[in-house]
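Structure first, commentary second.
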Amino acid sequence: MTAAAALPRPLGAYARWRRTGDLVFIAGVSARLPSGEIDGVLREGDGVRHDVAAQTRRVLQTIDALVQEAGGAGLADCVDMQAFLVRAEDFATFNAAYGAFFPGEAPTRTTVVVRALPHPDMVVEIKAVACVPVASSQ
Numbered sequence: 001m002t003a004a005a006a007l008p009r010p011l012g013a014y015a016r017w018r019r020t021g022d023l024v025f026i027a028g029v030s031a032r033l034p035s036g037e038i039d040g041v042l043r044e045g046d047g048v049r050h051d052v053a054a055q056t057r058r059v060l061q062t063i064d065a066l067v068q069e070a071g072g073a074g075l076a077d078c079v080d081m082q083a084f085l086v087r088a089e090d091f092a093t094f095n096a097a098y099g100a101f102f103p104g105e106a107p108t109r110t111t112v113v114v115r116a117l118p119h120p121d122m123v124v125e126i127k128a129v130a131c132v133p134v135a136s137s138q
């Protein structure tokens, strides 16, 4: 199975990523798995708990794979990210999980709190821009 086959397919009419020159634009990525399930969802009786750190890790791993698919080295090529959280109180947990992926120089980032994401079990979404020189992707 290729890395691309191991990634979830878009549920709508949009590309997972799009290249223009040296820039690769990654569409918003959630913690959705190829099976359709959402990573980081813990069902406890009648309740549901969302593991923000697990969702953040899954999102960044998927972005890494998408940048690789687009011809780059991966997450280190990202220059800008926009993060969307459903709950403001998750920011510290999100920030710690996110920071583990960028021990050195991190991309610029904007984080906003939104009312909801497309599925009630999604609590983190990130879109990214990577800089991958065309010559290095060939």
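If you're matching positions, the sequence shown starts at 1 in the UniProt record's numbering and goes up one per residue.
By construction, the Cβ of each residue, glycine as well, lies at the ideal position given by its N, Cα and C atoms.
Please read all numbers here as calculations on a predicted model, not as lab measurements.
Shortest Cα-Cα distance from Val-129 to any of Pro-34, Thr-108 and Ala-53 involves Thr-108. Taken through DSSP and simplified to helix, strand or coil, Glu-69 comes out as helix.
With 16 or more other CB atoms across the displayed protein chains lying within 10 angstroms of its CB, Ser-30 is buried. Under the three-state reduction of DSSP, Glu-44 is assigned to strand.
Apart from the 5 residues on each side of it in sequence, Thr-56 sits with its Cβ closer than 7 Å to the Cβ of Phe-94, Ala-97, Tyr-98 and Val-124 in its chain, given in chain order.
When secondary structure is reduced to three states using DSSP, Val-59 falls in the helix class. Under the three-state reduction of DSSP, Phe-102 is assigned to coil, being neither helix nor strand. Secondary structure at Asp-64: helix, using DSSP grouped into helix, strand and coil.
Here the C-alpha atom of Val-52 lies approximately 26 Å from the C-alpha atom of Val-24. Annotation: Val-112 to Glu-44 spans about 28 Å, alpha carbon to alpha carbon. Counting only residues of its own chain and dropping the five nearest sequence neighbours on each side, Leu-60 has a CB closer than 6 Å to the CB of Phe-101.
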